[in-house]
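Working notes, beginning with the structure itself.
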């Protein structure tokens, strides 16, 4: 019999004490079994808000953009139960092997994850090993990344078109393109070292790192080069001075194939080891024309195999090299896929290495390492089906004057398909008459070389674009002269009649001409057709006094104009120089030559346009100028259009001028019944 003391309150205290003991025992049991029961009382899923930029990073970040594996690849690793530490960057071979053997996940998911894992391993290799690895380990890693990406794209149930809007396919395509880029650069280095065997002019079989690669050059390299001297990734180039980089998204690796020395080495006399002009007994003659020595190419790898199992076992690969200017798409396993292409990198690299800025000044003052005759640069191998845009720069300038103009044309899909860009680089110290005659001859000989019969689209429908003094030359190219310039020679210089008769055949091409055949349109930009008063300014005249001509270039005219100039030697130079006007003389509004040419008739078969600059927006148009050329000199009656832009003399590089040039070219296409893309 139990006795309870303390009445009712004491009994309650006794019962509470017992409950506390049992509660303590329960807590101890819970402690022994872990916190699982407590967790059961917590929500199994929680949610947090993320910022938009974090959302995009989670969805699209990958090994190329963030240096970490993509979210989908991490999910695949977790789903297959693999150890995250083993598969962390860089993933181990054991992780890749385990994922390859895993079951229960789709081919798309497995192949895409494996491609990124192989890519991560390749990227983790030290640079020295990645570039120069004698056993080809780096090469194999890149090839495996490309192989698994290729399998995802073309050997799974869904076609690339079925996944067109999926971020994952974009990632995998980028992995393929980057892996191909790195593998091809290694392959190029191996081929240059003699690792491959040439089987025909455009096809090679290369054995490298247990791989057999069949190379098919579907593109003709400049000057018929078999292999480039350098192979550079376009994606690694960032340019200053180019406002835009134009490219086309698609399949394949974008590269620049450098085939020759930059234009400075082609056009200028060689230098000795100390950097001084080399002396030679026989003058070195550069070629009259050349193709841009750094074309853009796109490289594609196709892995042999009809099934996915075949693909994953093959060691045989087909390498095709394409010209993105010529090809827009490929057909792979019955699928039409766009061919990627870069249209700026090769052009930008060419200009960056050319040294035109220094050489153009040397040429103006007749210094060593300048040029003494025009040279024509083709921005791509000659294409008989594309019409030609011929660009002529101005005084003390070079092809650099057209840096953004040409790039915008190459970046415009409709214009790119229709036109090919040619640029003439000429010595701006020479008289306009000589430059005009030699440029005519150069263009005629170049066309005759590539199109002997003159029956291709390239030889018809030419468009000439000239800036400043180049605009004056462009107008002469589309004009005709009969006796006007002969009368100018006789009246202005009163040459010895007997001597003039002896050199008549040499002077006649400079003084008598017809519009250049095939030219249908011309664009004159800030062109001083009637000269400028600035050319007669005292300071400008002082600068003009330092201009010297290459004596060899005077042979056509100094015998006729100067009795003492019997031979092109130092003693005859002063006499010739006192009579023959240089380029700055020719731009003076009082110069007899510019006056004689101002009213030469322009062909009625040529549509011409004027782009004119004015430094101030206010005031009567007729009284304005661009700082060098007055409106009254640039204006031409009969122009199809005249665009006046508030700018200085270098108006050709302004956005407004480039838009106007594109508008004119699209108008030209529309007139030929072509489908156009808006300017």
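Numbering (our numbering), first residue to last: 2 to 680.
Where a beta carbon is used, it is the ideal one built from N, C-alpha and C, also for glycine.
Being a predicted model, the structure only gives us computed values, none of them experimental.
Should residue 587 be labelled buried (16 or more other beta-carbon atoms within 10 Å of its own) or exposed?
-> Taking a 10 Å sphere around the C-beta of residue 587, we find 16 or more other C-beta atoms and assign the residue as buried.
Give the DSSP bridge partners of residue 105, in chain order.
-> Beta-bridge partners of residue 105 (DSSP): none assigned.
DSSP on residue 547, reduced to helix/strand/coil?
-> Confidence is the limiting factor: at residue 547 the pLDDT is only 46, short of 50, which leaves the residue's position unreliable and the question unanswerable from this model.
Whose C-alpha, out of 495, 665 and 204, is nearest the C-alpha of residue 611?
-> Of the candidates 495, 665 and 204, the one whose C-alpha sits nearest the C-alpha of residue 611 is 665.
Helix, strand or coil: which one does DSSP assign to residue 289?
-> Of the three classes helix, strand and coil, the one that applies to residue 289 here is coil, per DSSP.
How many Å lie between residue 441 and residue 422 at the Cα?
-> Approximately 17 Å between the Cα atoms of the pair.
Close-in-space but distant-in-sequence residues of the same chain around residue 305 (CB under 6 Å, 5 per side omitted) | Sequence-distant Cβ neighbours of residue 305 in its own chain, meaning closer than 6 Å and more than five residues away, are 315 and 317.
Out of 146, 380 and 64, which has the shortest C-alpha to C-alpha gap to residue 390?
-> Checking every option, the nearest Cα to that of residue 390 belongs to 380.
My understanding is that residue 462 touches residue 417, with C-beta atoms under 8 Å, so please give their C-beta distance in whole angstroms.
-> For a cut-off of 8 Å, the C-beta gap from residue 462 to residue 417 is around 16 Å, too long to register as a contact.
Every unbroken alpha helix (DSSP H) inside the segment 198-231 [4 residues or more] | Listed in chain order, nothing qualifies, since the segment 198-231 has no complete alpha helix (DSSP H) run of 4 or more residues.
Under three-state DSSP, which class holds residue 336?
-> Judged by DSSP in its simplified three-state form, residue 336 adopts strand.
Which class does residue 348 belong to by DSSP, given the choice of helix, strand or coil?
-> Judged by DSSP in its simplified three-state form, residue 348 adopts helix.
Whole beta strand (DSSP E) elements within the segment 426-483, 3-residue minimum = When DSSP assignments are scanned along the segment 426-483, the uninterrupted stretches of beta strand (DSSP E) that are 3 or more residues long and fall wholly within it turn out to be 463-468.
With residue 380 as the anchor, note down where its alpha helix (DSSP H) starts and where it stops.
-> Judged by DSSP secondary structure, residue 380 falls outside any alpha helix (DSSP H); it is assigned neither H nor E.
How big is the Cα-Cα spacing for residue 601 and residue 493?
-> Rounded to whole angstroms, the separation of the alpha carbons of residue 493 and residue 601 is 17 Å.
Inter-residue Cα distance where the pair is residue 424 and residue 431 = Each residue's Cα considered, the two are about 18 Å apart.
What does DSSP give as the partner residues of residue 234 in its beta bridges?
-> Residue pairing from DSSP places residue 234 in a beta bridge opposite 256.
Alpha carbon to alpha carbon, how far is residue 319 from residue 598? Give it in angstroms, no decimals.
-> Take the alpha-carbon of residue 598 and the one of residue 319: they are about 59 Å apart.
Rounded to the nearest angstrom, how far is the Cβ of residue 395 from that of residue 470, given a contact under 8 Å?
-> Contact between residue 395 and residue 470 holds: their C-beta atoms lie close to 5 Å from each other, under 8 Å.
Just checking my contact of residue 222 with residue 349 at CB under 8 Å: how many whole Å lie between their CB atoms?
-> For a cut-off of 8 Å, the C-beta gap from residue 222 to residue 349 is around 19 Å, too long to register as a contact.
Can you tell me the Cα-Cα spacing of residue 213 and residue 294, whole angstroms?
-> About 29 Å.
Under 8 Å between the Cβ atoms of residue 252 and residue 216?
-> Going by C-beta atoms, residue 252 is not nearer than 8 Å to residue 216.
Have a look at 495, 334, 165 and 604 and flag the residue whose alpha-carbon is nearest the alpha-carbon of residue 516.
-> Of the listed residues, the one whose Cα sits closest to residue 516 is 604.
Tell whether a beta-carbon distance below 8 Å holds between residue 154 and residue 173.
-> In contact: residue 154 and residue 173 (Cβ atoms closer than 8 Å).
Can you name the start and end residues of the beta strand (DSSP E) that residue 523 belongs to?
-> Note, residue 523: beta strand (DSSP E), 520-526.
Which of helix, strand or coil does DSSP assign to residue 667?
-> Reduced to three states, the DSSP call for residue 667 is helix.
Assigned exposure category for residue 53 - 16 Cβ within 10 Å defines buried = Exposed, since its Cβ has fewer than 16 Cβ neighbours within 10 Å.
Is any beta-carbon of chain B found at less than 8 Å from that of residue 351?
-> You won't find chain B in this structure, because it holds only one protein chain.
Return the chain-ordered ranges of every alpha helix (DSSP H) run that is complete within the segment 102-187 and spans a minimum of 4 residues.
-> The segment 102-187 contains these whole alpha helix (DSSP H) runs: 108-124, 128-132 and 138-155.
Quick one: Cα of residue 759 to Cα of residue 168, how far?
-> No information on residue 759 is available, as it lies outside the stretch 2 to 680 that the chain covers here.
Among 96, 650 and 530, the one whose alpha carbon lies nearest that of residue 433 | Of 96, 650 and 530, the residue nearest in Cα terms is 530.
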